[in-house]
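Contents: one structure, followed by commentary.
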Amino acid sequence: MNTTQSLALVTGASSGIGMVYARELLKQGFDVIAVGRRKERLEELAAEFPHRRVDTVVADLSTVEGVETLSDICRTQPLTLLVNNAGVSHYMSFVDLPVEKARELMNIKVLAPTLLAHAALPGMLKRGKGTIVNVAGMLAFGATAPLGKAAGRATYVSTLAHLVNLTLALHEEFQNSGVKFQVLCPGVVATEFHERQGMDLSAFPRMTPEKVVEASLKSLQQDEVVCAPGVEEDQLITEALKASLAAFQGQSPELASRYR
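Set out below in structure tokens:
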């Protein structure tokens with residue numbers, strides 16, 4: 260990516276993948292709008308780069324006010340890159356997940372990325388360039404994977420699937436516009452995400468957020484739409500997407516014989 264006068268907005272920049280993404284972009288010469296809920300973390304990030312532009316924005320994307328604040332920024336600032344990374348750790352059984360937590364999860368991982376992309380995209384299209392990265396996870400492809408120690412994750416998994424399909428659909432609609440789209444799908448990452456829900460995965464093999472961001476940036480150079488940092492055989496992702504499309508294209512207006 261050409262970093263000359265480039266401006267990136269990164270949500271969830273106060274920890275984990277978001278903070279690493281913001282830090283790496285600053286190293287590459289981007290100006291960065293770092294968004295998060297923890298002001299002190301954002302200020303620490305800005306202090307690391309005293310000679311670069313780092314705008315810190317404290318916003319809660321589970322609220323209407325937070326989304327509107329960032330939408331205004333996305334709409335009025337000449338963003339080169341939007342990284343929809345903010346997330347929340349709600350791994351729970353579907354029936355036990357409190358409504359307020361379900362709403363928070365859906366707002367942060369579904370509504371906010373969709374509306375921020377909606378606000379940023381017109382300017383990118385007008386300028387003929389830009390990139391939108393939506394951070395999902397490999398569980399977007401793993402709804403039927405064994406639960407293991409998890410009590411449940413249906414709501415969480417569904418939000419990741421939304422991000423995958425949103426990104427694929429935007430790529431299809433705007434593929435000749437000069438704007439790139441990527442959905443980033445890491446597996447288990449060594450961040451605070453699981454710790455916040457009382458899950459100790461310290462003994463579990465995990466990828467570092469630095470490696471995840473490295474993969475994402477290299478993937479953008481290779482024009483991949485789905486970036487799966489831990490999947491060695493990339494044709495597995497291609498085959499999964501082709502299988503979904505084949506099922507869609509295999510329909511007809513006649514009732515399938517198994518239902519007659």
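Per the working numbering, the sequence shown starts with residue 260, numbered consecutively. Glycine residues also receive a C-beta, built at the ideal position from the N, C-alpha and C atoms. All figures in this text were calculated on a predicted structure; none of them were measured in a lab.
### Task
Excluding the 5 residues preceding and the 5 following Glu-363 in the sequence, name in chain order all residues of the same chain whose CB lies nearer than 8 Å to its CB.
The residue labelled residue 363 in the question sits at position 104 within the sequence shown. If we look at Glu-363 and ignore the five residues flanking it on each side, its Cβ neighbours are Ser-321, Val-347 and His-349.
#### Entry: Rounded distance between the beta-carbons of Leu-268 and Cys-333, thought under 8 Å
Translated into the one-based positions of the sequence shown, residue 333 becomes position 74. Translated into the one-based positions of the sequence shown, residue 268 becomes position 9. Contact between Cys-333 and Leu-268 holds: their C-beta atoms lie close to 7 Å from each other, under 8 Å.
### Terminal residues of the alpha helix (DSSP H) in which Ile-332 lies
Residue 332 sits at position 73 when you count from the first residue of the sequence shown. Run containing Ile-332: 323–335, per the alpha helix (DSSP H) assignment.
#### Entry: Which of helix, strand or coil DSSP assigns to Gln-494
Counting from 1 along the sequence shown, the entry for residue 494 is found at position 235. In the three-state reduction of the DSSP assignment, Gln-494 falls in the helix class, which pools H, G and I.
### Query
Does DSSP put Thr-467 in a helix, in a strand, or in coil?
Numbered from 1 along the sequence shown, position 208 holds the residue referred to as residue 467. In the structure shown, Thr-467 falls within a coil segment according to DSSP collapsed to helix, strand and coil.
### Query
Between Arg-412, Gln-508, Gly-396 and Pro-381, which lies nearest to Met-351 when the distance is taken from Cα to Cα?
One-based indexing of the sequence shown puts residue 351 at position 92. Looking at the Cα atoms, Arg-412 is the closest of the given residues.
### Task
Tell me whether the beta-carbon of Arg-297 lies closer than 9 Å to the beta-carbon of Ser-274.
Locating residue 297 in the sequence shown gives position 38, counting from the first residue. Locating residue 274 in the sequence shown gives position 15, counting from the first residue. For Arg-297 and Ser-274, yes; Cβs fall inside 9 Å.
### Message
Below 8 Å, how does it come out for the segment 437–452 and the segment 470–488: are there three or more Cβ pairs, yes or no?
### Response
Per the Cβ contact rule, the segment 437–452 is in contact with the segment 470–488 (3 or more Cβ pairs under 8 Å).
### Query
Can you name, in chain order, every residue of its own chain whose Cβ lies under 6 Å from the Cβ of Leu-211, other than the five neighbours on each side?
Summary: the structure shown does not reach residue 211, with the chain confined to residues 260 through 519, and so no result is reported for it.
### Query
Can you tell me whether DSSP reads Ala-293 as helix, strand or coil?
As a position in the sequence shown, residue 293 is number 34, starting the count at 1. If DSSP states are grouped into helix, strand and coil, Ala-293 belongs with the strands.
### Message
Pop quiz: Leu-389 and Thr-339 are said to be a contact at Cβ under 8 Å. What is the actual Cβ separation, rounded to whole angstroms?
### Response
By 1-based counting over the sequence shown, the position of residue 389 is 130. By 1-based counting over the sequence shown, the position of residue 339 is 80. The sequence shown places Gly at residue 389, not Leu. Confirmed, Cβ separation roughly 6 Å.
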